[in-house]
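Trainee:
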Amino acid sequence: GISPMIWRRLLVKSDSTIEDLHYILQIAMGWEDIHLHYFTIHGQQYGVSQLGGIDFNTNANLVKLSQFRFQKKEKFLYEYDLSTSPALGVWRHWWQHQIRVEAILPLQSNQTLPICISGKGICPPEDCGGAWGFMKARDEFSVHNFLEFLTSLLEDKNIEIDREEIAQLQTWLKVYQNKFDRQLVNKRLKQYSQGDKESILLKQEIL
Numbered sequence: 045g046i047s048p049m050i051w052r053r054l055l056v057k058s059d060s061t062i063e064d065l066h067y068i069l070q071i072a073m074g075w076e077d078i079h080l081h082y083f084t085i086h087g088q089q090y091g092v093s094q095l096g097g098i099d100f101n102t103n104a105n106l107v108k109l110s111q112f113r114f115q116k117k118e119k120f121l122y123e124y125d126l127s128t129s130p131a132l133g134v135w136r137h138w139w140q141h142q143i144r145v146e147a148i149l150p151l152q153s154n155q156t157l158p159i160c161i162s163g164k165g166i167c168p169p170e171d172c173g174g175a176w177g178f179m180k181a182r183d184e185f186s187v188h189n190f191l192e193f194l195t196s197l198l199e200d201k202n203i204e205i206d207r208e209e210i211a212q213l214q215t216w217l218k219v220y221q222n223k224f225d226r227q228l229v230n231k232r233l234k235q236y237s238q239g240d241k242e243s244i245l246l247k248q249e250i251l
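In this text, residue positions in the sequence shown follow this note's numbering: the first is 45, and each later residue adds one.
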């Protein structure tokens with residue numbers, strides 16, 4: 045796993061579906077929903093089916109969290125960024141999230157859900173090589189290298205600016221600062237609850 049631990053504390057409605065929970069987690073972490081995923085709950089796999097991906101037995105949009113009758117302190121898994129091993133013929137995951145049911149609370153009439161009430165640590169960037177790759181790149185990154193690159197851009201007027209490389213450096217600068225933006229997460233969760241799923245995921249960044 046990653047050290048120090050990255051975590052989010054969320055409040056969600058019991059009538060939220062597995063599909064809802066998938067997108068809520070994507071938004072809360074800052075993932076972009078560009079990879080396959082699945083939940084493992086009570087020994088069964090659930091998830092949003094995608095072309096060329098895992099074929100689930102149930103429709104994630106029809107399975108509500110209330111159906112599982114979760115108990116306090118119960119845990120289940122959410123695995124994201126799956127790939128296949130041709131040699132083994134099995135799925136492997138790059139990211140494994142442990143979901144813990146901390147409390148089951150009565151719904152308050154004036155409360156807008158889902159909502160993130162706390163969290164710590166910035167989400168790893170997509171395609172960074174899993175936990176090991178993320179920690180290695182994070183530990184090797186330095187503000188000094190970042191400033192050196194920016195200085196070279198300013199000094200060389202003929203240099204062709206590589207926007208992708210600049211974006212990557214900006215991402216790792218955020219990782220170095222390690223500041224979780226809960227307000228932005230809640231802004232996007234509110235947009236999701238209002239039905240604006242697609243545009244939110246297109247604009248995702250690590251949070």
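Built from N, CA and C at the ideal position, the CB exists for glycine as well. A quick note: this is a predicted structure, and the numbers were derived from the prediction, not measured.
1. Would you call Gln88 buried or exposed, if buried means 16 or more other Cβ atoms sit within 10 Å of its Cβ?
2. For the candidate residues Asp125, Thr215, Asp64, whose alpha-carbon lies nearest to that of Ala171?
3. Secondary structure at Lys234, three-state DSSP: helix, strand or coil?
4. From the DSSP secondary-structure annotation, give me the bridge partner or partners of His81.
5. Sorted by chain position, which residues of the same chain lie with C-beta nearer than 6 Å to His66's C-beta, five sequence neighbours on each side aside?
6. Tell me, please, which residues DSSP counts as bridged to Ile143.
7. Note down the Cα distance separating Phe224 from Ala175, rounded to an integer number of angstroms.
8. Ends of the beta strand (DSSP E) at Leu55?
9. Among the candidates Asn105, Val107, Leu109, His79, whose CA atom is the shortest distance from the CA of Ile98?
10. Determine which residues share a DSSP beta bridge with Ser162 and list them.
Mentor: So, from the data block:
1. exposed
2. Strictly speaking, residue 171 in this sequence is Asp, with Ala absent from that position. Residue Asp125 is the option with its Cα nearest to Asp171.
3. helix
4. Tyr124
5. Val92
6. Phe120
7. 18 Å
8. 51-55
9. His79
10. Arg53
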